[in-house]
Structures are given as structure tokens and as C-alpha cells.
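*Asks:* Before I ask anything, here is the structure I am working with.
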Amino acid sequence: MVPLVLQMGHETTTVDSIINTNCIVLHLNYSKENKNNEALNRLGKPQRFGFPVFVILDGSGNRLPTQNTGYLEEGEGYSEKKVIDFLQQWTPEADFERISLIVTRQGCKL
Numbered sequence: 008m009v010p011l012v013l014q015m016g017h018e019t020t021t022v023d024s025i026i027n028t029n030c031i032v033l034h035l036n037y038s039k040e041n042k043n044n045e046a047l048n049r050l051g052k053p054q055r056f057g058f059p060v061f062v063i064l065d066g067s068g069n070r071l072p073t074q075n076t077g078y079l080e081e082g083e084g085y086s087e088k089k090v091i092d093f094l095q096q097w098t099p100e101a102d103f104e105r106i107s108l109i110v111t112r113q114g115c116k117l
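Note that the numbering used here has the sequence shown beginning at 8, numbered continuously upward.
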């Protein structure tokens with residue numbers, strides 16, 4: 008199902024732009040023959056959320072959120088709006104906005 012999201016990304020300008028500007032996409036296989044335990048352990052065992060799953064890393068390789076793609080589905084496929092909203096939450100600009108909000112709420116100025 009994840010390839011459908013990426014396929015949708017190539018069919019919609021907004022998703023394509025977000026992915027190309029902010030993401031490096033890596034497909035990690037999980038099967039009986041190749042469980043990729045070392046990689047999955049390093050990513051915080053995302054299989055506990057079910058498959059398919061998105062694991063978002065920051066520029067230093069630190070894991071941010073892990074998202075089961077089921078929450079992005081609508082009907083027989085994925086909701087473009089939900090995919091866009093999810094991806095936009097983890098862009099560098101959104102990260103700065105979250106940091107700004109936290110600092111502002113603590114009474115500090117940027």
C-alpha cells in the first residue's frame with residue numbers, strides 16, 4: 008500500500024512537491040524470508056504499529072513519529088488531504104513552528 012501513496016505523490020503536484028522537497032524515501036522490506044530485524048530495531052520497531060508504516064527521521068537520523076498508514080486511508084485508497092497534512096507536519100518549516108510555539112509558551116522570545 009505504501010507504493011500507492013508514492014504513486015499518488017507522482018500524480019498530485021502538492022504531495023510530489025512535499026516529498027521531493029523534504030523527504031528521502033526508503034522502502035524497507037519485511038517478509039518471512041527477510042525480516043530486516045537490525046534495521047527495524049534501529050528504527051524503534053515500527054512493526055508494532057502494523058504494516059505498511061511510515062517512519063520519519065530528522066536530518067540526524069533520529070526517529071520522530073511512526074505512523075501506520077491506515078490512518079491516512081479513505082475509502083479504497085489514501086486521502087490526499089490526510090497524506091498532505093501528515094507530511095507537512097514533519098517538514099523543517101513545521102518543526103521550526105513547533106519549536107517557536109514551545110518557546111513562546113514558555114515566555115521566551117525568538
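Where is the CB? At the ideal position from N, CA and C, for every residue including glycine. Note that the structure is predicted; figures quoted are calculated from it, not measured.
Quick one: what's residue 64 bridged to in DSSP?
*Replies:* Paired residue(s): 70.
*Asks:* Using the beta-carbon count (16 or more within 10 Å), is residue 20 buried or exposed?
*Replies:* Exposed is the call here.
*Asks:* Could you pull out every residue in the same chain whose Cβ sits closer than 8 Å to the Cβ of residue 86, ignoring the five residues on either side in sequence?
*Replies:* Cβ within range, chain order: 79 and 80.
*Asks:* What is the rounded straight-line gap between the Cα of residue 70 and the Cα of residue 77?
*Replies:* Whole-angstrom Cα-Cα distance: 20 Å.
*Asks:* Just the C-alpha distance for residue 22 and residue 91, rounded to the nearest angstrom, thanks.
*Replies:* Each residue's Cα considered, the two are about 6 Å apart.
*Asks:* Determine the DSSP secondary structure at residue 114, reduced to helix, strand or coil.
*Replies:* Its pLDDT being 45, under 50, residue 114 is placed unreliably in this model, and the value from its coordinates should be taken loosely. Coil, per DSSP.
*Asks:* Between residue 30 and residue 88, what straight-line distance do the alpha-carbon atoms span, to the nearest angstrom?
*Replies:* C-alpha separation (whole angstroms): 18 Å.
*Asks:* What's the C-alpha gap between residue 45 and residue 51?
*Replies:* Approximately 10 Å, taken between the alpha carbons.
*Asks:* Within 10 angstroms of the Cβ of residue 99, are there 16 or more other Cβ atoms? Answer buried if so, exposed if not.
*Replies:* Result: exposed.
*Asks:* Under the three-state reduction of DSSP, which class applies to residue 84: helix, strand or coil?
*Replies:* Correct three-state label for residue 84: strand.
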